[in-house]
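Going by the working numbering, the sequence shown opens with residue 8, and the numbers climb by one from there.
Cβ coordinates follow ideal geometry from the N, Cα and C atoms, glycine included.
Here the structure comes first, spelled out in structure tokens, and everything after it is commentary.
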Amino acid sequence: MRALLLHVTGVVQGVGFRPFVYRLAVERGLAGWVRNTSEGVFAHVEGDEASVAAFPDAVRELAPPMAVVQSVASEEVSPEGYAAFAIERSESAPEAVTLVSPDIATCDACEAELFDPEDRRYRYPFVNCTNCGPRFTIIADIPYDRPATTMAGFEMCPACSTEYHEPADRRFHAQPDACPACGPRLYLQASPGLADPSSAGLPDPLPEDWRRDPEERPRRRDPGEERARTDALLAAAVGLLERGGVLALKGLGGFQLACDATSEEAVARLRERKRRWGKPLAVMVPDLETARRHCEVSPEEEELLGGTVRPIVLLRRRAGAPPLARGVAGILPEIGVMLPYTPLHHLLLAGADRPLVMTSGNLSEEPIAMENGEAITRLAPIADAFLLHDRGIHSRYDDSVVRVVAERPAMLRRARGYAPFPLPMPGPVPADLLAAGPEQKNTFCLVKSMGDDPAHAFVSQHIGDLENAETLEHFERTLGLYERLFRVSPAAVAHDLHPEYLSTKFAMALGLPKVGVQHHHAHVVSVTAEHGVSSRVPGIAFDGTGYGSDGGIWGGEVLLADWEDFERFAHLREVPMPGGAAVIRRPARMAIGLLAGLDPALLEHPGASALRSRLAEAEEATLLRMIERGVNSPRTSSMGRLFDAVAALAGVRDDALYEGQAAIELEAVMDPRAEGAYAFGVSSPGGPLLLDPLLVIEEVLNDLTDGTPSGTISARFHRAVRDACVHVAVAAAEASGTHIVALAGGVFMNRFLAETVPSALADEGLKPLTHRGLPFNDGAVSFGQAVVASARLHKL
Numbered sequence: 008m009r010a011l012l013l014h015v016t017g018v019v020q021g022v023g024f025r026p027f028v029y030r031l032a033v034e035r036g037l038a039g040w041v042r043n044t045s046e047g048v049f050a051h052v053e054g055d056e057a058s059v060a061a062f063p064d065a066v067r068e069l070a071p072p073m074a075v076v077q078s079v080a081s082e083e084v085s086p087e088g089y090a091a092f093a094i095e096r097s098e099s100a101p102e103a104v105t106l107v108s109p110d111i112a113t114c115d116a117c118e119a120e121l122f123d124p125e126d127r128r129y130r131y132p133f134v135n136c137t138n139c140g141p142r143f144t145i146i147a148d149i150p151y152d153r154p155a156t157t158m159a160g161f162e163m164c165p166a167c168s169t170e171y172h173e174p175a176d177r178r179f180h181a182q183p184d185a186c187p188a189c190g191p192r193l194y195l196q197a198s199p200g201l202a203d204p205s206s207a208g209l210p211d212p213l214p215e216d217w218r219r220d221p222e223e224r225p226r227r228r229d230p231g232e233e234r235a236r237t238d239a240l241l242a243a244a245v246g247l248l249e250r251g252g253v254l255a256l257k258g259l260g261g262f263q264l265a266c267d268a269t270s271e272e273a274v275a276r277l278r279e280r281k282r283r284w285g286k287p288l289a290v291m292v293p294d295l296e297t298a299r300r301h302c303e304v305s306p307e308e309e310e311l312l313g314g315t316v317r318p319i320v321l322l323r324r325r326a327g328a329p330p331l332a333r334g335v336a337g338i339l340p341e342i343g344v345m346l347p348y349t350p351l352h353h354l355l356l357a358g359a360d361r362p363l364v365m366t367s368g369n370l371s372e373e374p375i376a377m378e379n380g381e382a383i384t385r386l387a388p389i390a391d392a393f394l395l396h397d398r399g400i401h402s403r404y405d406d407s408v409v410r411v412v413a414e415r416p417a418m419l420r421r422a423r424g425y426a427p428f429p430l431p432m433p434g435p436v437p438a439d440l441l442a443a444g445p446e447q448k449n450t451f452c453l454v455k456s457m458g459d460d461p462a463h464a465f466v467s468q469h470i471g472d473l474e475n476a477e478t479l480e481h482f483e484r485t486l487g488l489y490e491r492l493f494r495v496s497p498a499a500v501a502h503d504l505h506p507e508y509l510s511t512k513f514a515m516a517l518g519l520p521k522v523g524v525q526h527h528h529a530h531v532v533s534v535t536a537e538h539g540v541s542s543r544v545p546g547i548a549f550d551g552t553g554y555g556s557d558g559g560i561w562g563g564e565v566l567l568a569d570w571e572d573f574e575r576f577a578h579l580r581e582v583p584m585p586g587g588a589a590v591i592r593r594p595a596r597m598a599i600g601l602l603a604g605l606d607p608a609l610l611e612h613p614g615a616s617a618l619r620s621r622l623a624e625a626e627e628a629t630l631l632r633m634i635e636r637g638v639n640s641p642r643t644s645s646m647g648r649l650f651d652a653v654a655a656l657a658g659v660r661d662d663a664l665y666e667g668q669a670a671i672e673l674e675a676v677m678d679p680r681a682e683g684a685y686a687f688g689v690s691s692p693g694g695p696l697l698l699d700p701l702l703v704i705e706e707v708l709n710d711l712t713d714g715t716p717s718g719t720i721s722a723r724f725h726r727a728v729r730d731a732c733v734h735v736a737v738a739a740a741e742a743s744g745t746h747i748v749a750l751a752g753g754v755f756m757n758r759f760l761a762e763t764v765p766s767a768l769a770d771e772g773l774k775p776l777t778h779r780g781l782p783f784n785d786g787a788v789s790f791g792q793a794v795v796a797s798a799r800l801h802k803l
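Rendered as structure tokens:
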């Protein structure tokens with residue numbers, strides 16, 4: 008006889024790990040026990056020597072598909088003489104940490120049950136098992152057991168309890184396990200703002216049983232009656248969608264707004280009410296076949312669409328595809344597509360039999376609504392009806408957005424399905440840390456010190472733009488949840504240098520030691536740290552706005568950076584931003600600032616006449632006076648603003664309805680068949696190298712004078728940016744004696760640059776580093792801040 012005590016760490020709770028260990032032990036004739044703890048999963052196994060010796064490897068190699076095993080430590084112990092193997096009660100330790108599974112899309116087995124008339128969960132909107140369903144969004148604390156989730160108030164019926172306690176069952180210890188008799192249920196009510204429910208296809212009045220009594224408590228129900236009620240309720244919701252209405256439905260991490268994606272009127276109505284003008288909307292389709300009818304789908308994109316996460320995937324439109332409303336994505340060549348990832352989505356899509364817009368349940372710039380009362384209050388001006396349920400949500404959770412670049416997934420927004428799984432910090436950290444992140448596309452990063460072992464970096468799900476009290480409240484609530492779940496008590500805080508960011512002000516108010524981190528330094532380090540590269544390497548950080556070390560507005564930066572510090576090796580020539588941040592929404596202003604800043608004579612170039620003719624009366628004169636007098640006209644080296652200015656000059660976009668729209672549409676009109684490329688000037692004025700766009704802009708104006716199409720101008724401009732990246736990267740690599748170059752910043756969200764710059768650098772013998780699990784945009788900044796803070800604190 009031999010015995011081992013195993014300690015398994017990683018994502019091993021909420022993924023069927025204890026049932027897996029139980030079955031593995033029983034199959035191999037071993038006795039002992041397995042239990043969840045706040046430190047992971049522990050198991051005691053005893054039996055014949057060969058079976059016990061092979062058990063740790065079997066645990067590692069045969070783990071459930073949703074588990075992420077980080078380590079399996081084993082310790083020789085004395086046999087206790089157990090007669091059988093058992094799952095023991097979970098244990099909680101105040102300071103211990105274990106990882107939490109993200110929410111998981113409905114698995115094939117549960118989807119089959121959902122549409123099987125012979126199954127007792129037929130058409131039940133909350134079907135799940137150990138392989139799928141809600142996880143992170145329902146957890147209040149660890150270890151992950153039902154009493155610590157929002158399912159605590161739902162007492163399992165005898166049938167569910169039998170499954171839950173049967174080791175051979177797929178629902179053995181599935182914490183959200185439920186059925187129509189005992190679990191959560193749907194509710195439907197008309198919006199308070201809807202004067203006539205019948206106009207939206209709803210029964211008037213709605214049946215009393217469809218609306219939730221706030222005092223109702225979960226009780227046993229007749230499954231047949233409950234199914235009939237659910238079907239009638241869903242049919243009314245589908246009818247509303249078919250008539251062009253807007254439906255607010257409670258999802259995994261908050262509310263979503265749905266409408267018919269093929270109806271121009273429905274999409275326009277949603278945009279008007281939501282105040283989301285211009286920005287593309289995501290579309291949910293029932294299956295891969297439908298996705299292929301509308302878009303080109305590569306094998307890598309297919310895997311993302313149909314996998315366990317099911318993010319929004321940006322797909323290229325298919326020529327001749329069935330029409331979607333133009334208002335979904337405008338002129339953009341890509342559409343954000345996702346497949347159903349909850350049973351409720353499956354039922355709605357099956358009933359509607361058409362693509363549905365599926366977008367965040369909020370007014371633009373606000374966090375998504377999370378609970379029923381909050382949603383009814385906040386979304387009443389948008390939705391015609393609310394599809395509610397009574398399973399609580401502990402954390403707001405937007406959909407993740409992914410694109411495939413060079414046959415690899417590239418994150419655009421990291422949220423559902425990916426957070427809160429941690430990134431490994433590149434080594435130990437001396438103490439727990441908080442990095443408060445930037446203002447735009449905010450995430451925070453909590454670092455849990457693991458002693459001499461590499462620390463965990465918990466980068467939050469996408470929080471949003473920290474520009475209002477509602478989003479700051481979301482930030483603070485989510486931070487509190489992460490601190491509780493992962494037992495993090497920050498001893499220091501990292502923050503952006505911009506003094507007016509809400510994230511900076513939050514950090515300043517904490518009373519902790521502070522580490523200020525320059526925005527673009529954090530961008531570059533967020534890439535190099537993902538690759539474990541601590542040495543000083545060139546990093547190209549191109550984005551829209553970042554507070555510079557000199558107090559200026561940076562955004563076209565080439566840094567020589569390690570994890571502790573950086574040197575500004577090169578940057579884009581600075582030009583004025585007349586009106587300051589107002590140019591973000593008025594690219595035409597930026598174009599005037601660019602021309603005046605590079606050479607005022609360019610304003611008289613015939614190629615500038617079309618832009619000038621489109622300006623409001625006296626607008627040009629006002630802008631030029633502001634620049635001349637230095638009134639609210641800060642200078643910027645931003646590559647993002649250069650994209651905006653070129654888009655305005657080329658006649659693509661004078662006014663942006665959302666940040667980056669002009670640059671996105673400039674890429675959208677690019678003609679890949681066009682020949683030629685513009686070229687940046689490069690000079691060395693005694694400090695950092697200067698990337699000068701004067702030659703580029705002169706050629707743009709010449710092409711405009713010649714009547715060159717905007718698609719050709721776009722192609723030549725994009726190639727100029729690509730070539731400038733390569734030129735300056737080669738110079739920086741030579742200066743630093745390395746062949747590694749990091750690429751960071753929101754400009755690399757541009758598909759053309761993301762695909763061509765790395766390959767062009769590789770052709771020059773350089774090794775380009777890009778993000779693996781974080782987005783190019785500001786969603787990665789908090790991780791970079793955390794690594795810089797750790798490096799500096801190590802030095803103290």
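Margin query: According to DSSP, simplified to helix, strand and coil, what is Pro695?
Written below: coil
Margin query: I need the DSSP call for Gly753, collapsed to helix, strand or coil.
Written below: helix
Margin query: I need the straight-line Cα distance from Arg398 to Phe27, nearest angstrom please.
Written below: 27 Å
Next item on the list: Evaluate Ser108 with the Cβ neighbour count: other Cβ atoms within 10 Å of its Cβ, from every protein chain shown; 16 or more gives buried, anything less gives exposed.
Entry: buried
Next item on the list: Kindly indicate which three-state DSSP category Ser367 falls into: helix, strand or coil?
Entry: strand
Next item on the list: Tell me His502's beta-bridge partners as DSSP assigns them.
Entry: Gly523
Next item on the list: To the nearest angstrom, report how far apart Phe92 and Gly54 are at their CA atoms.
Entry: 11 Å
Note to self: Going residue by residue through the stretch 217 to 296, where are the continuous alpha helix (DSSP H) segments of at least 4 residues, counting only ones entirely within it?
What the structure shows: 230 to 249 and 271 to 281
Check: Leaving out the 5 sequence neighbours to the left and right, which residues in its chain are closer than 7 Å to Asp216 when beta-carbon positions are compared?
Finding: Arg236
Margin query: Runs of 3 residues minimum, wholly inside the stretch 425 to 479: which ones carry the beta strand (DSSP E) assignment?
Written below: 440 to 442, 452 to 457 and 460 to 466
Notebook entry, point to check: Roughly how far, in whole angstroms, is the beta-carbon of Phe161 from the beta-carbon of Tyr171, given that I think they are within contact range, below 8 Å?
Noted result: About 12 Å; that fails the 8 Å criterion.
Notebook entry, point to check: To the nearest whole angstrom, what separates the beta carbons of Val531 and Ala501, a pair I think is in contact under 8 Å?
Noted result: That belief does not hold up - the Cβ atoms of Val531 and Ala501 are roughly 15 Å apart, past 8 Å.
Check: Which residue's Cα is closest to the Cα of Leu781: Ala10, Asp405, Pro429 and Ala185?
Finding: Pro429
Next item on the list: Please work out which residues of its chain come closer than 6 Å, Cβ to Cβ, to Asn757, disregarding the five sequence neighbours upstream and downstream, and give them in chain order.
Entry: Glu674
Margin query: Please state whether the Cβ-Cβ distance between Ala464 and Leu453 is less than 9 Å.
Written below: yes
Checklist line | Burial state of Met584, where buried means 16 or more other Cβ atoms lie within 10 Å | finding: buried
Item checked: Per-residue DSSP class, three states only, for Ile145 -> helix
Next item on the list: Quick one: residues in its chain with C-beta nearer than 6 Å to the C-beta of Gln196, no 5 flanking neighbours on either side, listed in chain order?
Entry: Arg218 and Phe393
Item checked: the stretch 740 to 758 contacting the stretch 543 to 562, beta-carbon criterion three pairs below 8 Å -> yes
Note to self: For the alpha helix (DSSP H) containing Thr763, name the first residue and the last one.
What the structure shows: Arg758 to Asp770
Next item on the list: Quick one: using the 10 Å Cβ neighbour count with 16 as the cut-off for buried, is Ile338 buried or exposed?
Entry: exposed
Notebook entry, point to check: Can the beta-carbon of Gly358 be found less than 9 Å from the beta-carbon of Leu473?
Noted result: no
Note to self: Comparing C-alpha positions only, which one of Leu351, Thr366, Gly559 and Thr269 sits nearest to Val504?
What the structure shows: Sequence check: residue 504 is Leu here, not Val. Here the closest residue by C-alpha is Gly559.
Check: Between Leu605, Asp606, Ala598 and Thr535, which lies nearest to Phe573 when the distance is taken from Cα to Cα?
Finding: Thr535
Item checked: From Phe759, Ser789, Ala787 and Thr643, residue whose alpha carbon lies closest to that of Glu341 -> Phe759
Item checked: Close Cβ partners of Gly683 (< 6 Å) along its chain, the five nearest in sequence each way excluded -> Arg723
Next item on the list: Taking all protein chains shown into account, decide if Pro362 is buried (16 or more other Cβ within 10 angstroms of its Cβ) or exposed.
Entry: buried
Notebook entry, point to check: Below 8 Å, can you find three or more Cβ-Cβ pairs linking the stretch 596 to 606 to the stretch 646 to 655?
Noted result: yes
Next item on the list: Can you grab the Cα-Cα spacing for the pair Thr511 / Tyr489, in whole Å?
Entry: 19 Å
Check: Touch check for the stretch 685 to 698 and the stretch 724 to 736: three-plus C-beta pairs under 8 Å?
Finding: yes
Next item on the list: Would you identify the three-state DSSP class for Phe27, choosing helix, strand or coil?
Entry: helix
Note to self: Going by DSSP, what residue range makes up the alpha helix (DSSP H) through Pro350?
What the structure shows: Pro350 to Ala359
Check: At which residues does the alpha helix (DSSP H) containing Tyr171 begin and terminate?
Finding: Pro165 to His172
Notebook entry, point to check: To which residues does DSSP link Asn43 through a beta bridge?
Noted result: Val48
Check: Assuming Leu395 contacts Asn379 under a Cβ cut-off of 8 Å, what Cβ separation, rounded to an integer in Å, is found between them?
Finding: 5 Å
Check: Which class does Thr156 belong to by DSSP, given the choice of helix, strand or coil?
Finding: strand
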